[in-house]
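Colleague:
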Amino acid sequence: MISRAINELTFIILPFIAVIMIGLADADGSVKDLFYISDPAIASCIMWGQLAARFEFLKGYEGENADNFVLFTNMLRLAASIALILYVLLLTEELSFWWHLSKNVFFLATLFCYGFFSHISFKIQAEVHSS
Numbered sequence: 000m001i002s003r004a005i006n007e008l009t010f011i012i013l014p015f016i017a018v019i020m021i022g023l024a025d026a027d028g029s030v031k032d033l034f035y036i037s038d039p040a041i042a043s044c045i046m047w048g049q050l051a052a053r054f055e056f057l058k059g060y061e062g063e064n065a066d067n068f069v070l071f072t073n074m075l076r077l078a079a080s081i082a083l084i085l086y087v088l089l090l091t092e093e094l095s096f097w098w099h100l101s102k103n104v105f106f107l108a109t110l111f112c113y114g115f116f117s118h119i120s121f122k123i124q125a126e127v128h129s130s
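Its first residue numbered 0, the sequence shown is counted upward by one per residue in numbering that gives the first Met the number 0.
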């Protein structure tokens, strides 16, 4: 189950790694340029949205508390919305260092949460299919 979560994470992250590499090849290769790109914010939005969809799918099964799943999926959607708003802000305005720092920290937290919550969803899914 962990390998499935890592495979999904790799599949999502690879296009963004390619964009970063192309951006660095076009630029002077500065790490500073890598810090200021807005792509990690949209990658975070995609990952939170996928988690919301995955748990939305699981909420209807017997033995699971549907109210908690609704609250949880709404929180995941909120995180995706925050990432999308951050992405739009980063594209439309010249924001300070702290905005970009928060975007990068949010992205790192998203990577960890995506792996963790994917593992949980795959575990629940396996329990449902085995019963």
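Cβ atoms here follow ideal geometry from the backbone N, Cα and C, with glycine treated the same way. Computed from a predicted model, the values in this text were never measured in an experiment.
Find out if the Cβ-Cβ distance for the pair residue 89, residue 37 is shorter than 8 Å.
Modeller: Their beta carbons are under 8 Å apart, which means residue 89 touches residue 37 by this criterion.
Colleague: Measure the C-alpha to C-alpha separation of residue 131 and residue 126 and round it to an integer number of angstroms.
Modeller: Absent from the model: residue 131. The displayed extent of the chain is 0 to 130, so no value can be given.
Colleague: Just to confirm the assignment, what range does the alpha helix (DSSP H) spanning residue 94 have?
Modeller: Residue 94 -> no alpha helix (DSSP H), and no H or E assigned at all.
Colleague: Here's the rule: buried if 16 or more other CB atoms are within 10 angstroms of the residue's CB, otherwise exposed. What is residue 91?
Modeller: Its Cβ having fewer than 16 others within 10 Å, residue 91 is exposed.
Colleague: To the nearest angstrom, how far is it from the Cα of residue 99 to the Cα of residue 117?
Modeller: Each residue's Cα considered, the two are about 26 Å apart.
Colleague: Could you name the residues of the same chain whose beta carbon sits closer than 8 Å to that of residue 19, not counting the 5 residues immediately before and after it, in chain order?
Modeller: Same-chain partners within the cutoff: 33, 36 and 38.
Colleague: Beta carbon of residue 57, beta carbon of residue 68: below 8 Å?
Modeller: Result yes, Cβ atoms of residue 57 and residue 68 sit closer than 8 Å.
Colleague: Can you list, in chain order, the residues of its chain with a C-beta nearer than 7 Å to that of residue 46? Leave out the 5 residues immediately preceding and following it.
Modeller: So the list reads 11, 109 and 113, once near-sequence residues are dropped.
Colleague: Classify residue 58 as helix, strand or coil using the three-state DSSP reduction.
Modeller: In this structure, residue 58 counts as coil in the three-state DSSP scheme.
Colleague: Three-state secondary structure (DSSP) at residue 36?
Modeller: Three-state result, residue 36: coil.
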